[in-house]
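Have a look at the structure below, then the notes.
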Amino acid sequence: MLIIVFTPQQIRKSLEAYNPIKNGTQSSESDNTRPPVEASVDTPEPALSESSEPEPQNPSTSEPDSESVWTEPEPSISEPATSPSIQDHGNNIPAEYQALSYFKPELTDRYIAYRKANPEYDYEKVIAYVNIGIDKPFYSIIHSIEDTHSTKVLVNKYHKLPDDFAPELVQIPSSMCAPGMGNQYLRKDAKVAFEKMHFDAKELGLNITAYGTYRNISLQHDIWNSKVISGRTVEDVDRLNSRGGHSEHHTGLAIDVIRNNYTVLNSEEYLWYKDNAHNYGFIIRYPEGKEHITGYSYEPWHLRYLGVELATDVYNSGLTYEEYYVMNIE
Numbered sequence: 210m211l212i213i214v215f216t217p218q219q220i221r222k223s224l225e226a227y228n229p230i231k232n233g234t235q236s237s238e239s240d241n242t243r244p245p246v247e248a249s250v251d252t253p254e255p256a257l258s259e260s261s262e263p264e265p266q267n268p269s270t271s272e273p274d275s276e277s278v279w280t281e282p283e284p285s286i287s288e289p290a291t292s293p294s295i296q297d298h299g300n301n302i303p304a305e306y307q308a309l310s311y312f313k314p315e316l317t318d319r320y321i322a323y324r325k326a327n328p329e330y331d332y333e334k335v336i337a338y339v340n341i342g343i344d345k346p347f348y349s350i351i352h353s354i355e356d357t358h359s360t361k362v363l364v365n366k367y368h369k370l371p372d373d374f375a376p377e378l379v380q381i382p383s384s385m386c387a388p389g390m391g392n393q394y395l396r397k398d399a400k401v402a403f404e405k406m407h408f409d410a411k412e413l414g415l416n417i418t419a420y421g422t423y424r425n426i427s428l429q430h431d432i433w434n435s436k437v438i439s440g441r442t443v444e445d446v447d448r449l450n451s452r453g454g455h456s457e458h459h460t461g462l463a464i465d466v467i468r469n470n471y472t473v474l475n476s477e478e479y480l481w482y483k484d485n486a487h488n489y490g491f492i493i494r495y496p497e498g499k500e501h502i503t504g505y506s507y508e509p510w511h512l513r514y515l516g517v518e519l520a521t522d523v524y525n526s527g528l529t530y531e532e533y534y535v536m537n538i539e
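Position in the sequence shown counted from 1, then plus 209, gives you this note's numbering.
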């Protein structure tokens with residue numbers, strides 16, 4: 210048997226020949242173009258879907274990666290502004306209408322219901338109409354009038370004077386009254402204004418006279434009841450006649466000029482006072498096409514005294530007195 214003996218120098222050279230690190234070589238599984246890195250033990254996070262939310266991170270224990278942490282996008286400054294709405298108690302009325310001086314929060318539910326039933330109306334009209342009471346049947350909600358002697362008083366199918374109400378009245382000279390209509394009475398300020406209008410019209414060759422003025426509440430009750438007893442329906446009577454306590458004639462501020470029929474529309478007197486009555490403090494109280502607001506058919510002969518300033522404002526507004534009252538006075 211042949212025995213080969215290596216010297217220590219030969220053994221050292223042989224070991225150096227098989228040491229890859231000392232010779233500057235790597236295994237074929239490694240990329241020798243970059244230094245070795247530690248293997249990661251983390252598992253990759255799943256990508257976020259449109260309906261998923263990122264896991265919350267604890268800012269005290271980790272430093273988020275700005276490229277991988279999900280953040281809520283900032284709102285676009287180019288988006289058009291929309292009117293905010295207050296949502297309390299189901300209120301979705303736009304804020305600009307809630308800012309109206311005549312908006313009443315306690316009527317919010319009625320505003321919303323009336324708007325749903327009448328989508329053609331904007332909220333400005335809806336709020337005014339509900340404040341008047343139009344969303345409810347006539348005479349279904351009755352407010353007792355407190356400031357009974359004010360020239361601004363609103364008397365209608367929702368506002369009632371007390372049964373014992375009696376204004377201070379003065380008699381209109383018989384020369385200014387229609388023949389056969391008996392004595393006529395108004396409150397002093399309304400009577401003075403009517404006299405001035407009568408004389409100014411007379412200088413123009415026009416004859417404006419008093420056909421009907423003050424009527425007490427008891428008499429109005431009797432008139433209404435007699436018409437119902439005659440066989441007319443309540444709805445028909447209500448369309449043309451007030452119930453006791455609900456007539457402007459109780460105030461001493463209302464006057465029917467010329468006979469109460471529609472031939473007045475063809476008269477020179479009507480053509481004049483429809484454009485001039487406000488200069489004396491009167492308005493045509495029940496205008497054409499506003500029956501759903503006033504509750505009465507068109508009455509071009511029925512004038513209501515408000516005073517020159519207020520009557521002029523109402524005339525220029527084009528509103529009924531109901532609308533003007535809830536928007537500017539109430």
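Even glycine gets a Cβ: it sits at the ideal position worked out from N, Cα and C.
None of the values given here were measured: they were computed from a predicted structure.
Beta-carbon to beta-carbon, Tyr420 and Val466 are separated by about 7 angstroms, close enough to satisfy the 8 angstroms threshold.
Rounded to the nearest angstrom, the gap between the Cα atoms of Ser506 and Asn365 is 13 angstroms. Spatial neighbours of Tyr514 in its own chain (CB-CB distance under 8 angstroms, excluding positions within 5 residues in sequence) are listed in chain order as Thr360, Leu395, Arg396, Asp398, Ala399, Ala402, Phe403, Leu462, Ala463, Ile464, Gly490, Phe491, Ala520. The residues Val364, Ala463, Arg494, Arg513, in chain order, have a CB closer than 7 angstroms to that of Glu457 in the same chain once the five nearest residues on each side in sequence are set aside.
Distance from the CA atom of Glu497 to the CA atom of Glu508, rounded to whole angstroms, is 8 angstroms. Around Lys436, the same chain offers Val446, Asn450 as residues with beta carbons nearer than 7 angstroms, after the five sequence neighbours per side are excluded. Excluding the 5 residues flanking it on each side, Val523 has same chain C-beta neighbours closer than 8 angstroms at His487, Ile492, Leu515, Tyr530, Tyr533, in chain order.
Taking a cut-off of 8 angstroms for Cβ pairs, the segment 338-355 and the segment 315-324 touch, as three or more such pairs fall below it.
DSSP places Glu457 in no beta strand (DSSP E); its state is neither H nor E. Counting only runs that start and end inside the segment 375-433, the beta strand (DSSP E) elements of at least 3 residues fall at 419-421.
In the DSSP assignment, the residues bridged to Arg513 are Ala463, Ile492.
Measuring C-alpha to C-alpha distances from Pro303 to each of Glu333, Tyr323, Tyr479, Ile538 identifies Glu333 as the nearest.
Closest in C-alpha terms to Lys483, from the list Ala410, His358, Val379, Pro376, comes Ala410.
Here the alpha carbons of Ser383 and Tyr320 stand approximately 49 angstroms from one another.
As a beta-bridge residue in DSSP terms, Ser353 pairs with Lys369. Collapsing the DSSP output to three states places Pro346 in coil. Ranked by how close their Cα comes to the Cα of Leu309, the residues Glu329, Tyr323, Val335, Ala326 have Val335 in first place. Straight-line measurement puts the Cα of Glu500 at about 16 angstroms from the Cα of Tyr471.
Met536 places its beta carbon 7 angstroms or farther from that of Tyr330.
Beta-bridge partners of Glu508 (DSSP): Tyr495. For the pair His430 and Lys369, the CB atoms are not nearer than the 7 angstroms cut-off.
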